[in-house]
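Below you'll find the structure, written out as structure tokens, and then a few comments.
Residue numbers (the numbering used here): 18 to 371.
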């Protein structure tokens, strides 16, 4: 296991690889944080689909911290035994929970489009709360229970991917192949659910429907396309990971780096898919940033120079008099204020609950 994985001893190449890990992970961390806070601030967690997306953002942040930032730091500064075990736990918890939430995401689209009458009952607020809590508790308990076992660090990759043990005894084999079975099941379940929903949409397309029915399914179909894009990335990564596990990790350094990079990109691009393809989320994010910026400018203190207070634009004490009206976020543009557009976007994003 990992005997054929060779790592270059050249300081320059290790530094370059480490910076790639950290850079890609940083982009992903920013995207997941923006997506999470956009959904949280606008209270879209009441929608089951958006709720699972929020939890998936948390899982991606854990994965990017464990597999991206930490491995990048190890490539640059060598082993870090004091934070090694917590980082391994972040990766394990984030990866397993990400798979569970991907199944939940795909299931919400299947029920919303094919089993509309059962959608609200199956994905009620209490059921979603129980499900998300159970996912975090189960995987945290599994990873935490294994972390109490005293194991010497035998290379950063072996510790992360095989829980720090050689696959020789029954317990080690059970934990190691649990990872393989998890990836195999998650990828195939997500694939089957997405294909079932796609076949249902194809059948509906061939049927005559009223304009009201088409409009009512428009948002659900849009969310289905977005969720399918992100979960398809997961299926590809799971198949690659399963193949790597099956062949015993007999990879060259270049192959291993390519595999890692694909994994990092999956956790990085998912939030940007939602923010770029979902116009409602994008408008909410832009308005949220503008409001925070306006609030920061309003609270900016005045500057006193030589005992004379200078009036600065945006100062909360300044009274700037001008003949032109001040531009605020309540200014009507094209017959509708940005705040009204923001309210309309929130209402449209919540319509899939009904």
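Glycine included, C-beta positions come from ideal geometry on N, C-alpha and C.
*Is the region 55-72 touching the region 96-111 in the sense that three or more CB pairs, one from each, lie closer than 8 Å?*
no
*asked:* At the level of alpha carbons, what is the spacing between residue 15 and residue 305?
replied: Nothing can be reported for residue 15: it is not among the residues displayed for the chain, which extend from 18 to 371.
*State the CB to CB distance for the pair residue 111 and residue 199, rounded to an integer number of angstroms; the pair is presumed to be in contact (CB under 8 Å).*
With 8 Å as the limit, residue 111 and residue 199 do not qualify as a contact, their Cβ atoms being about 13 Å apart.
*How many whole angstroms separate the CB atoms of residue 244 and residue 126, which I take to be in contact at a CB cut-off of 8 Å?*
6 Å
*asked:* Alpha carbons only, please: which of 37, 147, 122 and 279 is nearest the one belonging to residue 89?
replied: 37
*Which two residues bound the contiguous alpha helix (DSSP H) that contains residue 78?*
65-80
*Residue environment, residue 75, which counts as buried when at least 16 other CB atoms sit within 10 Å*: buried
*Do you know offhand how far residue 121's Cα is from residue 280's?*
20 Å
*4-residue-minimum alpha helix (DSSP H) runs that sit fully inside the region 30-55, ordered along the chain*: none
*Counting pairs of beta carbons, one from the region 77-91 and one from the region 45-61, are three or more of them closer than 8 Å?*
yes
_Excluding the 5 residues flanking residue 277 on each side, which residues of the same chain have their C-beta closer than 8 Å to its C-beta?_
38, 84 and 88
*Kindly list the residues whose CB is nearer than 8 Å to the CB of residue 259, restricted to its own chain and excluding five residues on each side of it in sequence; keep chain order.*
197, 200, 201 and 204
*Would you check if the distance between the CB atom of residue 128 and the CB atom of residue 139 is smaller than 7 Å?*
yes
*Taking only runs of the alpha helix (DSSP H) that begin and end inside the region 95-147, which ones reach a length of at least 4 residues, in chain order?*
98-131 and 133-139
*Look at the Cβ atom of residue 248, then the Cβ atom of residue 123, and state whether they are nearer than 7 Å.*
yes
*If we ignore side chains and look at the alpha-carbon of each, how far apart do residue 100 and residue 107 end up?*
11 Å
*Cβ-Cβ distance between residue 254 and residue 289 below 7 Å*: no
*Sub-7 Å separation of residue 207 and residue 238 beta-carbons*: no
*Can you give the Cα-Cα distance for residue 193 and residue 221, rounded to whole angstroms?*
43 Å
*DSSP on residue 299, reduced to helix/strand/coil?*
helix
*Rounded to a whole number of angstroms, what is the C-alpha to C-alpha distance between residue 31 and residue 148?*
41 Å
*Status (buried if at least 16 other CB within 10 Å, exposed otherwise) for residue 55*: buried
*asked:* Looking at residue 119: is its Cβ nearer than 7 Å to the Cβ of residue 156?
replied: no
*Could you tell me the boundaries of the alpha helix (DSSP H) in which residue 271 lies?*
270-294
_In whole angstroms, give me the CA-to-CA distance for residue 109 and residue 33._
26 Å
_CA-to-CA distance, residue 58 to residue 143, given in whole angstroms_ = 21 Å
*Determine the direct distance from the alpha carbon of residue 246 to that of residue 61, and round the result to whole angstroms.*
20 Å
*Cα-Cα separation, residue 51 to residue 86*: 18 Å
_Considering Cα atoms alone, identify which of 163, 299, 294 and 311 is closest to residue 241._
294
*Contact check, residue 310 vs residue 214 under 8 Å by CB: the rounded distance?*
Incorrect: roughly 40 Å between the Cβ atoms, too far for contact.
_Nearest to residue 104 (by Cα), restricted to the options 160, 217, 292 and 256_ = 160
*Taking just the CA atoms, how far does residue 299 sit from residue 217?*
29 Å
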